[in-house]
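Step one of this worksheet: look at the structure below.
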Amino acid sequence: MSTHVSPAAGPDLSRRDPTLDLARVAAVFLVVVVHLLQVGVGRGPDGAIVTSRPAEAQSWFDAATWVGQIMPLFFVVGGFASAAGWASWTARGGDAAGFVRTRTLRLVQPALALFGVVAAVLLGGRAAGVDPSLIDAAVVGIGMPLWFLAAYLLCQLVVPVAVSAHDRAPRLSLGILLSATIAVDALRFSTGIELLGYLNMLFVWPLIQQLGFWYRDGWFDRRGTPALLAVAGAAYLLLGIIVAWGPYSSSMLANLNPPTLPLVLLGVAQACLLRVARPVLAGLMRTRAAQAVVFAMGSRLMTVYLWHLPVILVVSGLALLVPGAAPVPASGEWWATRPVLLVVVALVLGALSLPLARIEALGRLGAAPRPWLIGVAWLLAFLPPFAVTVEGMDAVLAVCGAAMYMAAVLILRTRSR
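Each residue of the sequence shown is one higher than the last, beginning at 4 in my numbering.
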């Protein structure tokens, strides 16, 4: 039976870096902005509803993704937080099963509400005869960010083993994960079987998470700014070479699912640049305004991440009812409405997060279930977002996801006897 540690107990903040909290919030904010530019819902000259992805149609989009694809940095920061959380957990007598239980619950509980609402809306929309094109656009949009759940659940599962491997042989750990990443990419592109690329979920994101372990150990702190800039420059140079002469897309968004080697190079570069920017970020975090924003958004980050696309889609749909508020996607008028829509989405998310953020809180947990039950619950949590990543969201997956997530929460919150 796993050792019980209350998640409400205070974590060890002795090595907490507030600049990483700022980086995490900034990464999610950038994701919201990018998705706001990707969701085009409006009316054409004939009054018919038009849907598109305007940002991806722009000539500058691929180049912009080299900066805007910020998710590797999120996993670097997550690796730092996970290693610190694991150290704090074990210092209080916790074991691996209990750690995986609490980390899984923090992801599953807010996602359960999303799957439930999406299932109800999709089934209700079809029954009410809503325009199928709008439902299809909504389904694609809502499912777009759910790959993160599968990837982050996997990373949290391996934290105890990954930290142990890093402590024993940090270079060997990176080398094995990097070699496996390259091998999977080679197998995928040589055979043309795209599904093989999803094996890299086992290697790419855990590898980038390991960079966060190195960040916490102070490896980046011990390098001066010129050295860090040189490493970042070399990573971008190598990225350019493998994109120009290799099988990879020039769009870092296209390299996201299945995950590929370019994301690792982006992670290295972004980790270096984050450390270079640390003095500036630390100065910013000494201001009350930055502290307030980071605290307000950081305490409900999963809610913002999971719900921002549904909110964008709902607000865009409601704009169709207001004359002139939903111009043709990608038109000059459409681009001009983006700042206004961002403010509206932010206000709606803020109001929505008040009740939903409570779901993120674990509250008081009793003794953990048996480890094999925690494993079953983790699998129930992993399969729905992974299926959405591979196949795309639909009503069946939404309903199955809601049922499986409910089962996972019930298992994880059940006290052992």
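We put the CB at the ideal spot given by N, CA and C, even for glycine. Treat the numbers as computed from the prediction; the structure is a model and nothing was measured.
Any beta carbon from chain C within less than 8 Å of residue i's own beta carbon?
i, result
"T194", "You won't find chain C in this structure, because it holds only one protein chain."
Measure the CB-CB distance between residue i and residue j and report whether it falls below 8 Å.
i, j, result
"L312", "I52", "no"
"Y218", "A285", "no"
"L152", "A114", "yes"
"R27", "F77", "yes"
"V271", "A238", "yes"
"P332", "G71", "no"
"L259", "L266", "yes"
"Q212", "G81", "yes"
"T306", "A360", "yes"
"P57", "W337", "yes"
"R106", "L323", "no"
"R289", "S356", "no"
"V351", "V314", "yes"
"L177", "L210", "yes"
Mind reading off the beta-carbon distance from residue i to residue j? Whole number of angstroms is fine, and I expect it under 8 Å.
i, j, result
"V166", "F216", "7 Å"
"R191", "L181", "Actually they are not in contact, since the Cβ atoms of R191 and L181 sit about 16 Å apart, beyond 8 Å."
"L202", "V79", "Wrong, their Cβ atoms sit about 22 Å apart, outside the cutoff."
"L25", "V346", "21 Å between Cβ atoms; not a contact."
"L205", "P388", "Not quite, the Cβ-Cβ distance comes to about 15 Å (not below 8 Å), so this is no contact."
"L269", "P75", "5 Å"
"G377", "L264", "It is worth fixing the name first, because residue 377 is Ile in this sequence and not Gly. I377 to L264, Cβ: 32 Å. No contact."
"P261", "E197", "7 Å"
"V142", "L126", "The Cβ separation is near 12 Å, so there is no contact."
"A398", "R129", "7 Å"
Within the same chain, show all residues whose beta-carbon is closer than 7 Å to that of residue i, passing over the 5 residues directly before and after it, in chain order.
i, result
"W69", "M255"
"L344", "L39, V318"
"G335", "none"
"P163", "W89, A99, F102"
"A29", "none"
"F83", "L23, G215, Y218, R219"
"R341", "L39, L40"
"M409", "L115"
"W208", "F78, A154, L157, C158, P262"
"A183", "F206"
"A390", "L400"
"V8", "Reliability of the predicted coordinates at V8 is poor, the pLDDT of 49 falling under 50, and the value obtained from them is presented with this limitation in mind. Within the same chain, V8 has close Cβ partners W92, R95, G96, G97, G101."
"V161", "P209"
Just to confirm my understanding: we take residue i, look at its own chain, exclude 5 residues before and 5 after, and list those with CB closer than 6 Å. What are they?
i, result
"A122", "A401, V402, A405"
"W407", "Note that residue 407 is Met in the sequence shown here, rather than Trp. Hits under 6 Å: L383, P387."
"S253", "D65, V246"
"A329", "G45, R46, A322, L323"
"D20", "none"
"G119", "A405"
"P250", "F192"
"V187", "L202, N203"
Kindly list the residues whose CB is nearer than 8 Å to the CB of residue i, restricted to its own chain and excluding five residues on each side of it in sequence; keep chain order.
i, result
"V34", "I73, M74, P148, Y308, H311"
"M4", "For M4, the predicted model reports a pLDDT of 40, less than 50, meaning its position is unreliable and no value from the coordinates is stated."
"L242", "W69, P265, L268, L269, A272"
"F32", "M300"
"M396", "V121, V142, V143, I145, G146, L149"
"E394", "L400"
Margin query: Assess contact between the segment 86–97 and the segment 375–383, defined as three or more Cβ pairs (one per stretch) separated by less than 8 Å. Is contact present?
Written below: no
Notebook entry, point to check: Any chance the segment 109–118 sits against the segment 150–165, with 3 or more Cβ pairs inside 8 Å?
Noted result: yes
Next item on the list: Would you mind listing the alpha helix (DSSP H) stretches within the segment 304–383 that are 4+ residues and don't spill past its ends, in chain order?
Entry: 304–322, 335–339, 341–363
Margin query: So within the segment 19–68, which uninterrupted alpha helix (DSSP H) runs reach at least 4 residues, ignoring any that extend past its ends?
Written below: 21–41
Margin query: Please give the ranges of any alpha helix (DSSP H) in the segment 115–190, keeping only runs that are unbroken, at least 4 residues long and fully inside the region.
Written below: 135–146, 150–171
Next item on the list: Run through the segment 179–262 for me and flag every whole alpha helix (DSSP H) of 4 or more residues, listed as ranges in chain order.
Entry: 207–220, 228–248
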